[in-house]
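Working notes, structure below.
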Amino acid sequence: MTGALPVALGNYVALASVMFFIGVVGVLVRRNPLVMLMSIELMFNAANVLFMAFARAWLQNAGQIFAFLVITVAAAEAAIGLAIVVAVFRSAATVDVDEVRSLHG
Amino acid sequence: MIHHVMGNDGTYPLLIALWLLPLLGAILCWGFGPWLKARAGWLASALVGASFVLAVLSWGAGTQSVGGTLGAHQSLLSWIPGFDFGLLLDPLALLWVFVITGVGALIHLYSIGYMDGDAAFARFFAYMNFFVFAMLTLVLSDNFVGLLIGWGLVGLASYFLIGFWFFKPSAVAAARKAFVLNVVGDVGIMFAIFLIVANVHSIGFGDAFAAAGSYATPTLFLICLGLFVGAAAKSAQVPLHTWLPDAMEGPTPVSALIHAATMVTAGVYLIARCAPLWSVNADAQMLVGTIGGLTALLGAILGCAQWDIKRILAYSTMSQIGYMIMGVGVGAYEGGVAHFFTHAFFKAQLFLGSGLIIHALANEQDIRRMGGLAKKLPYAFVVMLVGVLAICGTPGFSAFFSKDMIIYGTLQHGHPWLYAVGILTAGLTAYYMLRLLFVTFLGSYRGAVDPSDLGIRHPELAGLPSDGDPAPQDATAHHHAPAWIMNLPVGILIVPSIFAGWLMFGGANSPWAHFFAGQFPVPNVVVPPISEGATSAIVFACVLVGAAVAAARYASKGALADAVARLRSESVRMPALLSNRFYFDAAIDALCVRSAQLAGTFFGRVADPHVIDGTVREAAISARWMGTLMRSLQTGLLRAYALILVFGAACFIVYYALAGGR
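Shown next, in the form of structure tokens:
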């Protein structure tokens, strides 16, 4: 019992996969925490796209509700993340994540 | 389950009082010694004397017989069922209580003189009173656990008193040796108690003896064996006797009280107490009788080869206890107990008499350096003479009756070999005791002779203590204690050591037999081919031969004129077997001490550092190693963590992609 979609479901999945992959690569290769946070947002939104697509495809609203939840958590995460970045910059005078490694074993 | 209690149950405050008075004395002397000073001796003697008076007053309670139940029983406390503690005063216990408190009080009195001027005067009397209390606990207990407690406490008191002069290394070593050997015995008794409790679920004598016929024979033999290991260790029976001669390191009154009259006879008490067990196990009787006979003979032989006056008496004690053990072992309980009774008097008297000599000669204990003391110390001579006549079994003296009861008893109970051993030992006893008497008191005084002329070379190799009692006892120190304080107790002891034996005169009608009526199981007695009168005659003939040999060797005119040279040649030509005391010490050293040392070395050098410590050390090292490994993962690089995370997630994805819908 699936709802008819104007665009095929596989396209949404492909889009989300691409977005998620770009986010992963962004986190791994960039050293600027701001860009890393943005990459994380990208991964969140890849998940959101999937939630919306499958919610529509299966005609179940739980997926849409989860998308809102993810947006909320993402906002909170961004706020905390930016606060940490500011705090790190104040103490270490840099925001390069490779330079900030005082927790090494 | 019905519990069998020995004795007539009731309330006997006198019994409790006579038991606890010496403990009170010990606590007072211990706690207030510096304040009591010399009064400690009088206090301790008075309390033991009071205990003796209470024991006399308890005569009626102890000898009462209601419907065949002998004696008085006072309950103290009940623990779990089968574990009831109480006091039992029956004729057997009463006899021991009389000797412990009576002879004990006399020896306490004597000690006031002997220990006068010792720096630890009050401590000495605290220990002595503590010993009396412990010994009373042993003989008054109505159960095996109470007996074992008393058993251990007398060992502790003995340890304290042997090592009383703890600044003498030899005394400390002797105390330790005595304690260790006694603990061997304690363990034996403990295992016997385990077996009894496993079989009858009770520690009481009554329960254990009521079931005497129901034990499996091997179990009963093991119980008797365990008890006998304890008896052998405490009563210096072969091969656990080696501590007794060394125990002479203690003050002479201690030797008289603990190592002659009372504690060392605890083994005799134990076997007499457990007569219902022994009388139904022939193997146990054979074992104990044989060991007793062997000890009597070996002790007498070794007594012939000693030069230290106290060591001669120690070996004599060992030999006489061998007699007692032989008597109670074969089933002649009344005879064995009778010899305990008479021996307590004459041996205490001999020890106290030797104390008079040692005291007068400023701590000389080697009889080779005495001689001619009959004129110098006439009182000591009389005392020792009576004691020697008594121990030899001279007709009319106490041991004549008690020793003959044992020797004849071995024959009555079917042990002719032990009969022969008993007679032979009686002859040897006469020889070595008269040797002691003649060498000490006849001839001329040899104290001024150079020791090497007497054959005294290495004191430690000759088996002599390196120095005697170190208490200040030269003539000037005598001012405080009058002479009578030492002479009176010895004088009192002369009376029973002559006359105590007459109690046993008259066979089944003697006061002795009446006193013990119903105490011991009546065994099947064979009528031996040799009558009791003939036995006495044979024993006395043997004694006369021993006495004649001793007289020829030490008291003849020629021997006395040539005493120095003769003693020298006897010392020098002493067979190695005798001067090494049959190598018992060496054998125990090789078998037990060396093997324990080897085991200790193995555990100390291998097992402990490499197995136990090694395990702990390896655990610590591996924890550190694991930590180092794990720490290297904590790079602090944020992107490395992210990479690991992604890698993990990728693994999941690959897994689910490959596993599909399954």
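Protein chains in written order, with my numbering: chain A, 1 to 105; chain B, 1001 to 1662.
The beta-carbon is built from N, C-alpha and C at its ideal position, and this holds for glycine as well.
Residue-level contact by beta carbon holds for V24/A and chain B, with a gap shorter than 8 Å.
By the Cβ neighbour-count rule, V1097/B is buried, with 16 or more other Cβ atoms within 10 Å of its own.
Uninterrupted alpha helix (DSSP H) stretches at least 4 residues long and entirely within the region 1040-1081 of chain B occur at 1059-1063, given in chain order.
The beta carbon of R1369/B sits closer than 6 Å to those of R1446, G1447, all from its chain and outside the five residues before and after it, given in chain order. The beta carbons of L1109/B and P1489/B sit closer together than 8 Å. In terms of beta-carbon proximity, S1595/B stays away from the interface with chain A, with every pair separated by 8 Å or more. A1500/B is a Cβ neighbour of T1342/B, given a cutoff of 8 Å. Counting the other CB atoms within 10 Å of its CB gives C1542/B a total of 16 or more, which places it among the buried residues.
Burial is judged here by how many other beta carbons sit within 10 angstroms of a residue's own beta carbon; P1511/B has fewer than 16 and is exposed. Using beta-carbon distances, S1632/B counts as an interface residue toward chain A, with a partner under 8 Å. Residues of the region 1607-1641 of chain B with a C-beta atom less than 8 Å from some C-beta of chain A are M1630, R1631, S1632, L1633, Q1634, T1635, G1636, L1637, L1638, R1639, listed in chain order. When the five nearest sequence neighbours on each side are left out, the beta carbons in the same chain lying within less than 7 Å of the beta carbon of I1312/B are those of G1303, Q1306, Y1432, L1436, in order along the chain.
Annotated as distal: R1631/B and G23/A, with beta-carbon spacing of 8 Å or more. Put simply, the CB of L15/A is far from chain B, with every gap to its CB atoms at 8 Å or more. Considering only beta carbons, the part of the region 1644-1659 of chain B lying closer than 7 Å to chain A consists of V1646, in chain order.
Residues of the region 25-37 of chain A that bring their beta carbon within less than 7 Å of a beta carbon in chain B comprise V27, L28, in sequence order.
Residues of chain B whose Cβ lies closer than 9 Å to the Cβ of D98/A are, in chain order, L1637, L1638, R1639. Here I65/A is exposed. Its C-beta has fewer than 16 other C-beta atoms within 10 Å.
In this structure, DSSP gives G1086/B an extended state, which the three-state scheme calls strand. With a beta-carbon spacing of about 3 Å, I1325/B and G1292/B fall inside the 8 Å limit used to define contacts. Counting C-beta pairs with one atom in each stretch, the region 1379-1389 of chain B and the region 1521-1528 of chain B have fewer than three that are closer than 8 Å, which means they do not touch. Against R101/A, the close residues of chain B are T1635, G1636, L1637, L1638, in the order they occur along the chain (beta-carbon pairs closer than 9 Å). With contacts defined as CB atoms closer than 8 Å, M1405/B and G1335/B qualify as a contacting pair. Neighbourhood of G105/A in chain B, by CB distance below 8 Å: M1630, R1631, S1632, L1633, Q1634, T1635, G1636, in chain order. In this model, E1532/B and V1449/B are separated by some 48 Å (Cα to Cα). Counting only residues of its own chain and dropping the five nearest sequence neighbours on each side, G1427/B has a CB closer than 8 Å to the CB of C1542, V1543, V1545, G1546. Bridge pairing for N1008/B: A1072/B [DSSP].
Apart from sequence neighbours up to five positions away, the residues of its chain that approach V35/A with a beta-carbon distance below 8 Å are G26, ordered along the chain. Contact between the region 1547-1562 of chain B and the region 1438-1445 of chain B is present: three or more C-beta pairs spanning the two stretches fall below 8 Å.
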